[in-house]
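64 is the number that numbering that gives the first Met the number 0 gives to position 65 of the sequence shown; each next residue is one higher, with no gaps. Each residue gets a CB set at the ideal place from its N, CA and C atoms; glycine is no exception.
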Amino acid sequence: MIIWVQLPELKIHFYHKEVLNTLGNLIGRTIKLNYHTLTQQRAKFARLAVEVDVSRPLVPRIWLDDDCQPVEYENLPVVCFECGKIGHSSATCPLLWSALI
Numbered sequence: 000m001i002i003w004v005q006l007p008e009l010k011i012h013f014y015h016k017e018v019l020n021t022l023g024n025l026i027g028r029t030i031k032l033n034y035h036t037l038t039q040q041r042a043k044f045a046r047l048a049v050e051v052d053v054s055r056p057l058v059p060r061i062w063l064d065d066d067c068q069p070v071e072y073e074n075l076p077v078v079c080f081e082c083g084k085i086g087h088s089s090a091t092c093p094l095l096w097s098a099l100i
């Protein structure tokens with residue numbers, strides 16, 4: 000699934016095509032970099048499209064140097080905050096329910 004992600008308040012020295020592609024590949028597989036991100040017109044956040052494996056937990060943050068960089072996902076379907084997978088909520092998480100049985 001291809002999803003747009005935001006890296007809020009990413010330090011401006013990371014706003015280079017190669018670096019942004021590498022960051023996207025830490026989240027999934029980089030598909031596209033947003034034009035405004037590449038031209039540094041809007042430095043409030045970096046925006047990139049990544050392909051993620053929805054059968055695996057989403058990456059909530061990445062480490063850059065010694066800083067924790069949050070990853071925000073745009074327009075996601077239902078996400079479980081117990082196991083991090085897309086498609087069900089925490090209330091119906093199979094992982095949680097199997098632990099209770």
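Environment of Val49 [buried if 16+ CB atoms lie within 10 Å] | Within the sequence shown, the letter at position 50 stands for residue 49. With 16 or more other CB atoms across the displayed protein chains lying within 10 angstroms of its CB, Val49 is buried.
Since Leu32 contacts Leu9 with CB under 8 Å, what's their CB separation in whole angstroms?
-> Start at 1 with the first residue of the sequence shown, and residue 32 comes out as number 33. Start at 1 with the first residue of the sequence shown, and residue 9 comes out as number 10. Incorrect: roughly 12 Å between the Cβ atoms, too far for contact.
Residue range of the unbroken alpha helix (DSSP H) whose run includes Leu22 | Position 23 of the sequence shown holds residue 22. Start and end: 16 to 26.
Could you check which residue in Asn20, Trp62, Ile85, Tyr34 has the C-alpha nearest to that of Tyr72?
-> By one-based count along the sequence shown, residue 72 stands at place 73. Considering only alpha carbons, the answer is Ile85.
Do Tyr14 and Thr29 have their CB atoms nearer than 8 Å?
-> Counting from 1 along the sequence shown, the entry for residue 14 is found at position 15. Counting from 1 along the sequence shown, the entry for residue 29 is found at position 30. 8 Å or more divides the Cβ of Tyr14 from the Cβ of Thr29.
Per-residue burial, Ala45 [other beta carbons within 10 Å of its own, 16 or more giving buried] | Here residue 45 is taken as the residue at index 46 of the sequence shown, counted from 1. Counting other Cβ atoms within 10 Å of its Cβ, Ala45 reaches 16 or more and is therefore classed as buried.
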